[in-house]
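In terms of my numbering, the sequence shown has 150 at position 108, counting the first letter as 1, and numbering is strictly consecutive.
Please read the structure below before turning to the comments.
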Amino acid sequence: MSSQQHAFSVPATLIVGDGIGPEIVDATVGVLKALGAGIDWEYCDAGLAAVKLYGDPLPRSTLESIRRTRLALKGPLITPVGGGYRSINVTLRKEFQLFANIRPARSFLPDGLFKDVDVILIRENTEGLYVGVEHYIPIGDDPRAVAEASGIITRFGCRRVAEFACQYALKTGRKKITIVHKANILKALTGLFLETCQEVGRQYQDRLTIEERIIDNCAMQLIINPAQFDVILTTNMFGDILSDECAGLVGGLGMAPGANIGADTAIFEAVHGSAPDISGKGIANPTALMLAAALMLDHIGQYHNAERLRDAIKQTLQEGNVRTPDLGGNASTIQYAEAVIRRLG
Ligand code: NAI
Ligand code: MG
């Protein structure tokens with residue numbers, strides 16, 4: 043065993059996924075191997091690949107593997123349209139109560155829009171306006187004259203994600219949390235979120251600065267001066283929108299990793315989809331999935347390996363001569379992965 047290898051291997055579920063999934067997963071698994079991360083992968087199917095094999099986009103064997111390992115890395119999945127399949131991502135989120143969605147955005151590209159972005163967005167993943175409680179009200183001969191949706195936010199859910207955000211901030215050396223809300227208009231719905239997060243935040247006030255910002259102002263401030271943000275903590279829908287904005291600040295989808303965290307299970311993925319327009323060509327950018335793998339290493343306590351991986355990605359992108367086509371280069375997925383491996387310190 044090399045000095046970099048870990049004494050015990052960590053079992054984890056690996057879902058290769060659809061479209062560019064196999065290409066970026068191969069590249070990422072190769073880099074993790076070169077790091078000596080000692081992960082013992084259980085290969086599982088989901089998405090279109092699983093529909094072909096089992097007639098189910100999320101087969102029981104895959105769920106059982108995640109239940110066992112409590113740790114998964116997943117490539118992008120296609121939920122077939124029609125055929126009455128439930129959304130895979132929503133099912134996973136519900137099944138494992140993955141209540142926090144973490145989306146870091148950091149400037150790795152020296153020629154990007156902003157040079158100094160390093161923000162972690164933490165989004166409540168199970169409540170709010172996305173609970174799907176909505177209906178139409180007919181008036182006269184119009185069956186859809188009125189549409190009504192209910193947002194549901196619980197003190198329990200707010201406390202759970204706020205507690206998580208404070209702990210995560212401390213663990214990752216962050217200094218400030220900005221609670222993002224619209225409590226001036228949605229006084230009950232996001233008022234409860236703000237109030238509860240502040241209440242939790244007060245227990246950390248000796249170690250963290252807790253501030254609050256209204257969503258619309260936050261969206262503008264992110265464009266004007268993104269460096270002022272450290273950790274953003276927000277509700278499901280606001281987090282959905284702001285996290286894409288944050289990804290845009292640092293070079294777009296190819297750069298955006300995500301983690302879905304629950305009390306005892308965590309699933310890591312790239313934010314982007316299966317990229318059908320480039321799949322099979324060997325030119326997909328594996329950075330987002332590699333950064334997701336770095337989040338996974340953080341999660342299992344391999345902070346040093348996570349930092350080695352991020353540093354190697356940063357160096358590769360800063361040198362600029364080995365980049366995939368989406369970042370203006372002409373390197374293949376494999377050439378890029380090899381360049382990252384060469385730079386692992
Ligand atoms: P997409 O993210 O797959 O692609 C959007 C654009 O970004 C395309 O031009 C694509 O080539 C490019 N792109 C995405 N990732 C890239 C990468 N790593 N390297 C280089 N270029 C990249 O979004 P789209 O086309 O809307 O969705 C395609 C499929 O993916 C759909 O079936 C959708 O349901 C699924 N999807 C799955 C997700 C998941 O499993 N987490 C998330 C988003 C979409
Ligand atoms: Mg979204």
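Idealized CB from N, CA, C, for every residue including glycine.
When you compare only the Cα positions, how much space is there between residue i and residue j?
i	j	result
residue 181	residue 229	29 angstroms
residue 61	residue 293	21 angstroms
residue 113	residue 333	16 angstroms
residue 245	residue 120	42 angstroms
residue 192	residue 173	8 angstroms
residue 264	residue 183	46 angstroms
residue 287	residue 262	10 angstroms
residue 147	residue 95	36 angstroms
residue 299	residue 241	30 angstroms
residue 141	residue 164	10 angstroms
residue 321	residue 188	42 angstroms
residue 115	residue 54	8 angstroms
residue 323	residue 149	27 angstroms
residue 319	residue 338	28 angstroms
residue 247	residue 90	47 angstroms
residue 81	residue 311	16 angstroms
residue 234	residue 282	19 angstroms
residue 335	residue 362	22 angstroms
residue 284	residue 340	23 angstroms
residue 394	residue 176	With the chain covering 43 to 387 only, the question about residue 394 has no answer from this structure.
residue 315	residue 252	34 angstroms
To which residues of the same chain is residue i closer than 7 angstroms at the C-beta, ignoring the five residues directly before and after it?
i	result
residue 137	105
residue 353	387
residue 328	66, 69, 70, 375, 378 and 379
residue 325	366, 367, 374 and 375
residue 317	61, 62 and 326
residue 360	152
Comparing C-alpha positions only, which one of the options sits nearest to residue i?
i	options	result
residue 56	140, 331 and 288	331
residue 103	342, 217, 90 and 86	86
residue 224	196, 202 and 276	276
residue 52	58, 84 and 350	84
residue 50	110, 379, 344 and 59	344
residue 371	70, 153, 67 and 272	153
residue 278	206, 195 and 266	195
residue 348	75, 58 and 59	75
residue 143	373, 308, 316 and 78	308
residue 78	350, 367, 141 and 365	350
residue 170	335, 280, 314 and 227	280
residue 232	259, 260 and 197	197
residue 203	175, 238 and 214	238
residue 257	125, 118 and 226	226
residue 107	124, 266, 88 and 125	88
residue 109	221, 274 and 304	304
What would DSSP say about residue i, mapped onto helix, strand or coil?
i	result
residue 52	strand
residue 146	strand
residue 224	coil
residue 106	helix
residue 259	helix
residue 328	coil
residue 169	coil
residue 302	strand
residue 310	strand
residue 355	helix
residue 283	helix
residue 382	helix
Near residue i, which residues of its chain fall below 6 angstroms by C-beta distance, leaving aside the five closest residues on each side in sequence?
i	result
residue 385	354, 357 and 358
residue 381	358 and 364
residue 306	112
residue 46	For residue 46, the pLDDT reaches just 49, beneath the cut-off of 50, and the residue's location in the model is therefore unreliable, although a value from the coordinates is still provided. Hits under 6 angstroms: 78.
Give every residue of the same chain whose Cβ lies closer than 8 angstroms to the Cβ of residue i, excluding the five residues on either side of it in the sequence, and list them in chain order.
i	result
residue 135	167, 168 and 302
residue 250	208, 211, 212, 216, 217, 218, 219 and 243
residue 269	156, 158, 159 and 160
residue 185	178
residue 92	98, 99, 100, 101 and 104
residue 383	72, 73, 76 and 354
Does the beta carbon of residue i sit closer than 8 angstroms to a beta carbon anywhere in chain C?
i	result
residue 62	Absent from the structure: chain C. Only one protein chain is present.
Exercise. Can you check the segment 67-123 for any alpha helix (DSSP H) of at least 4 residues that lies completely inside it and give the ranges in chain order?
Key: Runs of the alpha helix (DSSP H) inside the segment 67-123: 90-96 and 102-111.
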